[in-house]
Amino acid sequence: MLRRSGLQALQALLHLAMASPQWCSVSDIAEAQGLPAPMLEQLLLQLRRAELVEAKRGRQGGYRLSRAVESIPVGEVLSAVGAPLTLNGPGESSRAEQQVLSSMGRRLQTALDRELKQLTLQELLFDLQSWQECLSNEGGLMLG
Numbered sequence: 307m308l309r310r311s312g313l314q315a316l317q318a319l320l321h322l323a324m325a326s327p328q329w330c331s332v333s334d335i336a337e338a339q340g341l342p343a344p345m346l347e348q349l350l351l352q353l354r355r356a357e358l359v360e361a362k363r364g365r366q367g368g369y370r371l372s373r374a375v376e377s378i379p380v381g382e383v384l385s386a387v388g389a390p391l392t393l394n395g396p397g398e399s400s401r402a403e404q405q406v407l408s409s410m411g412r413r414l415q416t417a418l419d420r421e422l423k424q425l426t427l428q429e430l431l432f433d434l435q436s437w438q439e440c441l442s443n444e445g446g447l448m449l450g
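Numbers in the working numbering are just positions in the sequence shown, counted from 1, shifted up by 306.
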């Protein structure tokens with residue numbers, strides 16, 4: 307399961323990506339994304355330490371992405387805010403069935419880690435823009 311801090315960090319980065327190259331204040335991001343400003347400030351500080359965003363003080367300041375969206379892997383974002391995506395596998399056991407399931411869990415985790423290193427903010431941004439376009443056409447998305 308993806309932790310809330312990971313989801314919120316991705317929301318903030320997608321907001322910055324949509325606004326790029328403009329600087330965005332914490333209050334603007336918080337309001338647009340429906341996130342608490344104090345918590346968002348902490349996430350942005352963690353993202354800044356990981357060199358995923360840059361900050362500028364002052365009236366015209368705020369935050370913006372520090373590099374291109376195609377060079378920001380989702381896995382790096384999740385790690386930066388202490389929210390790596392992990393699968394909960396079965397506990398240790400001497401039973402053969404449990405060993406098989408533990409091995410499967412490790413294989414799945416390896417595949418998940420590989421995918422998170424390859425999946426970039428650019429892909430999420432493309433998906434976001436596609437959904438926004440679909441939902442804005444003629445009053446919303448028709449399913450079925």
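Here a beta-carbon is modelled for each residue, glycine too, at the ideal position from N, C-alpha and C.
Treat the numbers as computed from the prediction; the structure is a model and nothing was measured.
Following the continuous beta strand (DSSP E) through Arg365, name the residue where it begins and the one where it ends.
Unbroken run through Arg365: none, as it is neither H nor E.
Out of curiosity, what's the CA-to-CA distance linking Met324 and Leu316?
12 angstroms
Going by DSSP in three states, Thr392 sits in which element: helix, strand or coil?
coil
Any idea what DSSP makes of Pro327, helix, strand or coil?
Under the three-state reduction of DSSP, Pro327 is assigned to coil, being neither helix nor strand.
Secondary structure at Leu319, three-state DSSP: helix, strand or coil?
helix
Give a yes or no on whether the C-beta atoms belonging to Leu430 and Val380 are separated by under 8 angstroms.
yes
Whole angstroms are fine: how far does the CA of Leu358 sit from the CA of Val383?
8 angstroms
Is it buried or exposed for Gln405, if we count other Cβ within 10 angstroms and need 16 for buried?
exposed
Does the distance from the C-beta atom of Val332 to that of Leu351 stay below 8 angstroms?
no
Using the DSSP secondary-structure output, state which residues sit across from Pro379 in a beta bridge.
Thr426
If you reduce the DSSP assignment to three classes, tell me which class Arg420 lands in.
helix
Looking at Glu376 and Ala426, is the spacing between their C-beta atoms short of 8 angstroms?
The identity of residue 426 in the sequence shown is Thr, whereas the question assumes Ala. Result yes, Cβ atoms of Thr426 and Glu376 sit closer than 8 angstroms.
By how many angstroms is the C-alpha of Thr392 removed from the C-alpha of Ala336?
27 angstroms
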